[in-house]
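Okay, so here's the structure we're looking at.
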Amino acid sequence: MAGIDWLIVAGYMLFALGIGLVFRKRAGRSMAQYFLSGRNLPWWIVGTSIVATMFAADTPLVVTGFVANDGISGVWFVWNFAAAHLLAAFFFARLWRRAGVITDVELVHLRYSGRPAAALRGFRSVWEGVVLNCIVMGWVILAMVKIMDVLISLDAVTVRLGVDRFIDGRWFGILVCLVVAVAYTVLSGFWGVVMTDFVQFLLAMAGAIALAVIAVNDIGGIGQLKLELAARYGDLASGYLSFLPNLSGISLPLVTFVALMGVNWWATRDAGGTSYMVQRMLAARNENHSFLGVLWFCFLHYVIRPWPWIIVGLISLVVFPELDDRELGYPMMIVEYMPVGLLGLMIASMLAAFMSTIDTLLNWGTSLLVNDCYRPFMRKRASDEHYVQVSRLLVVCLMIAGGMTAYTMQTIRGAWELFFGMTVGIGGVYVMRWWWWRVNAWSEIAAWVSTAVVYLGLHVLNPAIGFGWHLIATAGLSTACWVIVALATPPTDEETLVAFYEKVRPGSPWWKPIAGKSSVPIERMGWSDITDWIAGLVFIYTGLFGVGKLILEGWGPGLVYLTIAAAAGVVIYRSIAR
């Protein structure tokens, strides 16, 4: 890297630290300020902040790996979640905002009653806030370490600094990530997170688009890319370019595709809205801003964001055909193609992507530990200033735990699959707790326990089981388990159910027994909600395909898909206007 590149990276770092200092005082006023920005975010910041959080340093690397291993169809590992996120937008975003909680786990206290509810709240605050959160932080840190190692050779850096006797290059890279991420997250809380997310997203997208454009021009255009793929891979080249799985050649396995599209999107916890997405919903100005924010996120996340990475992934197959670790193709493309100045911009954009995710994970994980574990079970009546100080300490502890987790990981895809496997049985109960009054705390406990038991059991009894079959079996058995438990155990007490119904107004016909005991009329879900969700699916997937076809096949095929997307968008707009 040249001097100008280092200056650009340093300039970005100073900007991020400056944001932390600017918002330090505001974030320290209360827990609502520290974790939810005072519940006053407009929809465009809500949506952009969510997509920036999901635009981590790991994402371009893992997408490059998907494309290299399974072609474009491999990216359905990401694309299948559009159905879940649209469900969260049309059915649950408004409900979350009405709930008025500080964290998604706090909903347990609002929705359930008794000792099972208290046990579930404490368990989830630690299991999700620490264990699952550290897995996600681990793969994000691993990605940044891989990028740094390709750019500056971390082992060589430790030798030059004279610390190679005490620490290897990988640990050195992890320590750098820890210091960078913690520095302003501790200071600014959620205000700093969302204010930097907007700039970080723009910077990260600019870097990704610049790399894709430069690489395409260098190789001679999209037409030449197709010829190069055909020359090197023969009949397999068409598989790399296919948007959908096929039965022969390079492709995402068909059973995995069926599992992702038929099971994974509703069976994982995203369908009902959870974690950092819910944190943004709760921070929105009102119900409509919450809904529009999630819809805006879906558009940016699925239609706009992935194609620069996919194009770079395809070109990496030609430029670096012999790579053992396909995820390294992306940082190697950065080194290969980005000139002086733009290289600094690209590194700053990857650093921005890393920080936009890590700061959110730290803030969200800490919010669970403080709001749902420390405050209700350890220190109930302390001041908000005390809880904010504890939160800042826990941010540091969580970051250290995430760094240690990263050191044990080898591939980002492997960590993704581990995470999916550990959460694939949870989605059904997360959705139905909004729609069915009979769901109780025991149901969620049964879902978590059965998912863990089935996941471990499959690996012990049949380690070679395919990922798709793993998803199907775990989701099916876990769902059956929690439904049986819901029917076999006592329901949540009536007073809690009525209070929840009146506060949130779930609008499901399966709340009729509770609605009859309240003066608040039931707000029924209509066919319009379902048609809006279907229109959303058409809008996102045809928009996604349309952009891809424009890039890879020209104006004709692309405009067909984009016209359908526009028609679906009109349907959604008219429904919102009503």
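Going left to right, the sequence shown walks through residues 13 to 590 as our numbering numbers them. For each residue, glycine too, the CB sits at the ideal point set by N, CA and C.
According to DSSP, what are the bridge partners of residue i?
i: leucine 53; result: Ala296
In three-state terms, what does DSSP make of residue i?
i: arginine 281; result: helix
i: aspartate 596; result: Residue numbering for the chain in the displayed model covers 13 to 590; residue 596 lies beyond these limits and cannot be assessed.
i: methionine 66; result: coil
i: alanine 492; result: helix
i: aspartate 396; result: helix
i: isoleucine 605; result: Residue 605 cannot be examined here, being either before or after the span of the chain that is shown, 13 to 590.
i: tryptophan 448; result: coil
i: arginine 127; result: helix
i: threonine 591; result: The structure shown does not extend to residue 591, since the chain is modelled only from 13 to 590, so the question has no answer here.
i: valine 21; result: helix
i: serine 455; result: helix
i: serine 462; result: helix
i: valine 352; result: coil
i: valine 421; result: The amino acid occupying residue 421 in the given sequence is methionine; valine does not appear at that position. Here methionine 421 sits in coil by DSSP.
i: phenylalanine 104; result: helix
i: isoleucine 186; result: helix
i: serine 531; result: coil
i: isoleucine 11; result: Missing from the structure shown is residue 11; the chain here goes from 13 to 590 and no further.
i: alanine 111; result: helix
i: phenylalanine 332; result: coil
i: serine 5; result: Since the first and last residues shown for the chain are 13 and 590, residue 5 lies out of range.
i: glutamate 118; result: coil
i: valine 175; result: coil
i: alanine 360; result: helix
i: threonine 504; result: coil
i: aspartate 337; result: coil
i: proline 388; result: helix
i: serine 85; result: helix
i: alanine 498; result: helix
If we count the other Cβ atoms within 10 Å of its Cβ and call it buried at 16 or more, is residue i buried or exposed?
i: aspartate 371; result: buried
i: proline 257; result: buried
i: histidine 471; result: exposed
i: lysine 561; result: buried
i: asparagine 474; result: exposed
i: isoleucine 542; result: exposed
i: methionine 236; result: The residue you asked about is not methionine; residue 236 is glutamine in the sequence shown. Exposed is the call here.
i: asparagine 375; result: buried
i: glutamine 422; result: exposed
i: threonine 60; result: buried
i: leucine 294; result: buried
i: lysine 158; result: buried
i: alanine 498; result: buried
i: tyrosine 585; result: exposed
i: tryptophan 108; result: buried
i: valine 324; result: buried
i: isoleucine 484; result: buried
i: aspartate 337; result: exposed
i: leucine 187; result: exposed
Please check the pair residue i and residue j, which I expect to be a contact at CB under 8 angstroms, by giving their CB distance rounded to whole angstroms.
i: leucine 98; j: tryptophan 545; result: 6 angstroms
i: glycine 478; j: valine 267; result: 6 angstroms
i: alanine 22; j: phenylalanine 366; result: The pair is not a contact, with the Cβ atoms about 16 angstroms apart (cut-off 8 angstroms).
i: alanine 218; j: serine 361; result: 6 angstroms
i: valine 436; j: arginine 445; result: Actually they are not in contact, since the Cβ atoms of valine 436 and arginine 445 sit about 17 angstroms apart, beyond 8 angstroms.
i: glycine 86; j: leucine 264; result: 5 angstroms
i: methionine 358; j: leucine 223; result: 6 angstroms
i: threonine 286; j: alanine 28; result: Contact doesn't hold; Cβ gap of about 27 angstroms is too wide.
i: isoleucine 5; j: valine 74; result: The first residue shown for the chain is 13 and the last is 590, placing residue 5 beyond what the model contains.
i: glycine 141; j: leucine 381; result: 5 angstroms
i: tryptophan 277; j: alanine 95; result: 4 angstroms
i: isoleucine 16; j: valine 352; result: 6 angstroms
i: asparagine 298; j: glutamate 118; result: In fact, because the Cβ distance is near 19 angstroms, the residues do not count as touching under 8 angstroms.
i: tyrosine 342; j: alanine 227; result: Going by Cβ atoms, the distance from tyrosine 342 to alanine 227 rounds to 11 angstroms, so no, they are not a contact pair.
i: isoleucine 412; j: leucine 190; result: 7 angstroms
Which parts of the segment 533-572 are runs of the alpha helix (DSSP H), unbroken and 4 residues or longer, counting only runs that do not cross its ends?
-> 539-565
Ignoring anything shorter than 4 residues or poking outside the segment 196-266, list the alpha helix (DSSP H) runs there in chain order.
-> 234-245 and 249-253
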